[in-house]
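Colleague: If you scroll down you'll find the structure; I have some questions about it.
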Ligand SMILES: *[C@@H]1O[C@H](CO)[C@@H](O)[C@H](O)[C@H]1NC(C)=O
Ligand SMILES: *[C@@H]1O[C@H](CO)[C@@H](O)[C@H](O)[C@H]1NC(C)=O
């Protein structure tokens, strides 16, 4: 029972609210008992996981994070330069690695934008698979260009002398963890046979060993390429009928999509994530680092209000969002046992009213940089990160 209470506290009110919008629209007589099904999955895992001191410590920190006051009014989302200065103070002389899919890249872009405003310097990203930024340099400190030309040991000395921070992003859609940089998983285009979608994985373990903090994520399994064949609005979701039924009686397409999301999460996503994390834990140079998992966030949630069993709305968004809900539910409890902190609060709990300058999310996940909603997200993400790091220290 206690575990269930912890679980409830760890969940962000926003997720609950959104879940309400998505699932309250499901037919009432279809009692899918999703949380019960997820709790069953958790219990199966937890029965085999050792309760270590470090897992207890991480759980305690997460609990105190969850009880921190979430930002509410639009004023809370205004850009506070103090936030960036807090981040810089907490990360002084450290190396940070962000690794994950395009959403992680987007968080990195939000962060760099906040740095740009604070430092009045540009932090552009020229690479596609990875890029580095030298941030938090004291005003007037003259090295921005020369830093990467220094030999590594001088680079470290310089980092300490200036109190600045090195931040690196590496693209990895499935957190592939081969040690060999020449592994075909990195060097050759790999199409995931289960979805027909290409995986994009750059090597990152080497960077993780050199970093003090690793912030990672793996996003929802993409909808199979063949769902895009057929009807333009609804696609072809015939594959969901071929999956085993996990959530009670089916019958409607939305239910079947939620069931498919459950199937992917439980049979594929969680086992693969735990496998990646076992690789990290087996590496003494990575195990000792501060490991953080940033939650995934919901796509286009405004539109999901109109979702109903007759009118599917956007089936791709439902498939994505159902996975986000399930992943965050399971990972917030499982990750501490792998020595990883779950960072729950990434987005504001609601979309701010659109202003003429703020055209809304273009691809329903990422607001254009500089718009009010992107800045709100920038603030919430950095505030969450500061709150977590303050508690870890
Ligand atoms: C990786 O491949 C490159 C060029 O193909 C080669 O020079 C290098 O030695 C290889 N590295 C390893 C660790 O096998
Ligand atoms: C949907 O896909 C299935 C299997 O891939 C196929 O048999 C069926 O004909 C497709 N339906 C439409 C309407 O395209």
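In this note's numbering, the protein residues as written are 49 to 441.
The beta carbon of each residue, even a glycine, is placed where N, CA and C say it ideally should be.
Just so it is clear, the structure is predicted and the values come from calculations on it, not from any experiment.
1) Taking only the alpha-carbon atoms, compute the straight-line gap between residue 334 and residue 140 and give it to the nearest angstrom.
2) Bridge partners of residue 341, per DSSP?
3) Evaluate residue 63 with the Cβ neighbour count: other Cβ atoms within 10 Å of its Cβ, from every protein chain shown; 16 or more gives buried, anything less gives exposed.
4) Please report how far the alpha carbon of residue 256 lies from the alpha carbon of residue 97, in whole angstroms.
5) So is residue 104 buried or exposed if we call it buried at 16+ other beta carbons inside 10 Å?
6) List in chain order: all unbroken alpha helix (DSSP H) runs of 4+ residues lying wholly within the region 83–148.
7) Go ahead and label residue 393 buried or exposed: buried means 16 or more other beta carbons lie within 10 angstroms of its beta carbon, across all protein chains shown.
8) Taking all protein chains shown into account, decide if residue 259 is buried (16 or more other Cβ within 10 angstroms of its Cβ) or exposed.
9) Compute every distance between the C-beta of residue 231 and the non-hydrogen atoms of ligand 1, then say whether any falls below 7 angstroms.
10) Give the DSSP bridge partners of residue 183, in chain order.
11) Compute the Euclidean distance between the alpha carbons of residue 165 and residue 130, then round it to the nearest angstrom.
12) So the beta strand (DSSP E) residue 247 belongs to, where does it begin and stop?
13) Identify whether residue 233 lies in helix, strand or coil by the three-state DSSP scheme.
14) Need the endpoints of the alpha helix (DSSP H) that residue 239 sits in, please.
15) Assuming residue 220 contacts residue 182 (C-beta within less than 8 angstroms), just tell me the rounded distance between them.
16) DSSP on residue 228, reduced to helix/strand/coil?
17) Return yes when at least one heavy atom of ligand 1 lies under 7 angstroms from the C-beta of residue 228, else no.
18) With a cut-off of 8 angstroms on the beta carbons, I'd call residue 400 and residue 424 a contact; round off their distance for me.
19) Within 10 angstroms of the Cβ of residue 371, are there 16 or more other Cβ atoms? Answer buried if so, exposed if not.
20) The alpha helix (DSSP H) spanning residue 327 covers which residue range?
21) Should residue 217 be labelled buried (16 or more other beta-carbon atoms within 10 Å of its own) or exposed?
22) If you draw a straight line from the C-alpha of residue 434 to the C-alpha of residue 110, how long is it?
23) Would the region 327–343 count as touching the region 268–284 if we require 3 or more Cβ pairs under 8 angstroms?
24) Going by CA-CA distance only, name the one from 438, 437, 426 that's closest to residue 18.
25) Kindly indicate the opening and closing residues of the alpha helix (DSSP H) around residue 380.
26) Please check the pair residue 265 and residue 347, which I expect to be a contact at CB under 8 angstroms, by giving their CB distance rounded to whole angstroms.
27) Are there three or more Cβ pairs, one per stretch, closer than 8 angstroms when the region 326–333 is compared with the region 372–380?
28) Between the C-alpha atoms of residue 368 and residue 243, what's the straight-line distance to the nearest angstrom?
29) Can you give me the Cβ contacts of residue 81 inside the same chain, cut-off strictly under 8 angstroms, excluding the 5 residues immediately before and after it?
30) DSSP has residue 218 in a bridge; who is on the other side?
31) Three or more beta-carbon pairs under 8 angstroms between the region 235–252 and the region 166–173, yes or no?
32) Is residue 273 near ligand 2, with its Cβ less than 7 angstroms from a heavy atom?
33) Can you grab the Cα-Cα spacing for the pair residue 188 / residue 251, in whole Å?
34) Short of 8 angstroms in beta carbon distance, which residues of its chain neighbour residue 440, apart from the five on each side in sequence? Order them along the chain.
35) Please work out which residues of its chain come closer than 7 angstroms, Cβ to Cβ, to residue 442, disregarding the five sequence neighbours upstream and downstream, and give them in chain order.
36) Sorry if obvious, but does the Cβ on residue 278 come closer than 7 angstroms to a heavy atom of ligand 2?
Modeller: Checking against the coordinates, here is how it stands:
1) Taking the chain shown and counting its residues from 1, the one referred to as residue 334 is at position 286. Taking the chain shown and counting its residues from 1, the one referred to as residue 140 is at position 92. Residue 334 and residue 140: Cα-Cα distance of roughly 20 angstroms.
2) The residue labelled residue 341 in the question sits at position 293 within the chain shown. 264, 390.
3) Looking up residue 63 in the chain shown gives position 15. The pLDDT assigned to residue 63 is 44, lower than 50, so where the model puts this residue is not dependable, and the model offers no usable value.
4) Here residue 256 refers to the residue found at position 208 when the chain shown is read from its first residue. Here residue 97 refers to the residue found at position 49 when the chain shown is read from its first residue. In this structure, the CA atom of residue 256 is about 25 angstroms from the CA atom of residue 97.
5) Along the chain shown, read from residue 1 onward, the residue named residue 104 stands at position 56. Exposed.
6) Qualifying alpha helix (DSSP H) stretches, in chain order: 101–114, 129–139.
7) Residue mapping note: residue 393 aligns to position 345 of the chain shown, counting from 1. That one is buried.
8) Looking up residue 259 in the chain shown gives position 211. Flag for residue 259 reads buried.
9) Counting from 1 along the chain shown, the entry for residue 231 is found at position 183. Residue 231: no, Cβ never under 7 angstroms from ligand 1.
10) On the chain shown, residue 183 is found 135 positions in, with the first residue counted as 1. For residue 183, which the question treats as bridged, DSSP gives the partners 213.
11) The residue labelled residue 165 in the question sits at position 117 within the chain shown. The residue labelled residue 130 in the question sits at position 82 within the chain shown. Roughly 12 angstroms separates the two Cα atoms.
12) Within the chain shown, numbered from 1, the residue matching residue 247 stands at position 199. Element bounds for residue 247: 245–247.
13) As a working note, residue 233 is residue 185 in the chain shown. If DSSP states are grouped into helix, strand and coil, residue 233 belongs with the helices.
14) One-based indexing of the chain shown puts residue 239 at position 191. Here residue 239 belongs to no alpha helix (DSSP H); instead the beta strand (DSSP E) covers 238–240.
15) Translated into the one-based positions of the chain shown, residue 220 becomes position 172. Translated into the one-based positions of the chain shown, residue 182 becomes position 134. Their Cβ separation, rounded to whole angstroms, is 22 angstroms, which puts residue 220 and residue 182 out of contact at 8 angstroms.
16) Walking along the chain shown from the start, residue 228 turns up at place 180. Residue state, collapsed to three classes: coil.
17) Translated into the one-based positions of the chain shown, residue 228 becomes position 180. Under cutoff, so the answer is yes.
18) Reading the chain shown from its first residue, position 352 is the one you call residue 400. Reading the chain shown from its first residue, position 376 is the one you call residue 424. Between residue 400 and residue 424 a beta carbon distance of about 6 angstroms is seen, short of the 8 angstroms cut, so the two are scored as contacting.
19) As a working mapping, residue 371 is identified with position 323 in the chain shown. It counts as buried.
20) Residue mapping note: residue 327 aligns to position 279 of the chain shown, counting from 1. Counted as a single uninterrupted DSSP element, the alpha helix (DSSP H) harbouring residue 327 occupies residues 318–329.
21) Position 169 of the chain shown, counted from the first residue, corresponds to residue 217. Residue 217 counts as buried, since no fewer than 16 other beta carbons sit within 10 angstroms of its beta carbon.
22) For this step, residue 434 is matched to residue 386 along the chain shown. For this step, residue 110 is matched to residue 62 along the chain shown. Put simply, the backbone Cα of residue 434 is about 13 angstroms away from that of residue 110.
23) Taking 8 angstroms as the limit for Cβ pairs, the verdict is that the region 268–284 does not touch the region 327–343.
24) Summary: the structure shown does not reach residue 18, with the chain confined to residues 49 through 441, and so no result is reported for it.
25) Residue 380 sits at position 332 when you count from the first residue of the chain shown. According to the DSSP assignment, residue 380 belongs to the alpha helix (DSSP H) that extends over 363–382.
26) Position 217 of the chain shown, counted from the first residue, corresponds to residue 265. Position 299 of the chain shown, counted from the first residue, corresponds to residue 347. Under the criterion of beta carbons closer than 8 angstroms, residue 265 and residue 347 do not qualify as touching, at roughly 14 angstroms.
27) Output reads no: the region 372–380 does not touch the region 326–333.
28) Position 320 of the chain shown holds residue 368. Position 195 of the chain shown holds residue 243. Our two residues, residue 368 and residue 243, have alpha carbons roughly 14 angstroms apart in a direct line.
29) Along the chain shown, read from residue 1 onward, the residue named residue 81 stands at position 33. Taking C-beta separations shorter than 8 angstroms and ignoring five residues to either side along the sequence, the partners of residue 81 in its chain run 295, 296, following chain order.
30) In the chain shown, counting from the first residue as 1, residue 218 sits at position 170. Beta bridge pairing from DSSP links residue 218 with 147, 178.
31) Counting C-beta pairs closer than 8 angstroms gives fewer than three between the region 235–252 and the region 166–173, which falls short of the contact rule.
32) Here residue 273 refers to the residue found at position 225 when the chain shown is read from its first residue. No, ligand 2 has no heavy atom inside 7 angstroms of this Cβ.
33) Locating residue 188 in the chain shown gives position 140, where the first residue counts as 1. Locating residue 251 in the chain shown gives position 203, where the first residue counts as 1. Cα to Cα, residue 188 sits roughly 34 angstroms from residue 251.
34) Start at 1 with the first residue of the chain shown, and residue 440 comes out as number 392. Counting only Cβ-Cβ distances below 8 angstroms, and skipping sequence neighbours, we find 109, 338, 389.
35) The requested residue 442 does not occur in the structure, where the chain is confined to residues 49 to 441.
36) Sequence index remark: in the chain shown, residue 278 carries index 230 (1-based). Because some heavy atom of ligand 2 lies under 7 angstroms away, the Cβ of residue 278 counts as near it: yes.
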